[in-house]
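A short write-up of the structure that comes next.
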Amino acid sequence: RAIRAKQKRADELRAQEVFMKKSTGKHKCTNCDWEFDVEKGDSNMIGGMIKPGTPFAELPSNWRCPVCRASKDAFEEVVEEIPGFEVNQGYGFGTNSWTSEQKNLAIFGGLAAFFLLFLSGYAMS
């Protein structure tokens, strides 16, 4: 009976865990993996006519991938997942809504800074 209660509670918690998706502003061709970046457009490619800052949704319907000539429909939006409980995303100093890469950078960057500070203590003597 206690095992069933624990299993039920674990299932409830798993149901609450939501992976928020955050758009990166990039779209990737499913044929050749070329990425369209809103910040860059495709003007850096030969024959590219799309200026930087043009959203993917505003591209003309006859626009094609500059590498493999695939249609606009062959592109998928690139998104980052933010793991965690949905109710906790707004708490803290904004760090609960960070991606895993941002959290890793903060943790290991902090450790590296502490290590350098620790080593600099030896240089003072």
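Add 5 to a position in the sequence shown, counting from 1, and you land on the number used in the working numbering. Think of the CB as a built atom: it goes at the ideal place given N, C-alpha and C, for glycine as much as any other residue.
Close CB contacts of A15 within its chain, under the 7 Å cut and outside five residues either way in sequence, are absent. When the Cα atoms are used, H32 and E40 turn out to be separated by approximately 6 Å.
An exposed status is given to P65, since fewer than 16 other beta-carbon atoms sit within 10 Å of its beta-carbon.
Only exposed fits C37, as fewer than 16 other CB atoms lie within 10 angstroms of its CB. Taking every protein chain shown into account, the CB of C70 has 16 or more other CB atoms within 10 angstroms, so this residue is buried.
In chain order, N101, S102 place their CB closer than 8 Å to the CB of G95, counting only its own chain and leaving out the 5 sequence neighbours on each side.
Per DSSP, D78 lies in no alpha helix (DSSP H) and is assigned neither H nor E.
Going by C-alpha positions, L121 is about 10 Å away from G115. Straight across, the Cα-Cα distance linking N109 with G99 is about 15 Å. In the three-state reduction of the DSSP assignment, E17 falls in the helix class. In this structure V72 does not touch G58 by the C-beta definition: roughly 21 Å separates them, more than the 8 Å allowed.
Residue range 105-128 is occupied by the alpha helix (DSSP H) that includes E106. Counting every other CB atom within 10 Å of its CB across the protein chains shown gives D47 a total of 16 or more, marking it as buried.
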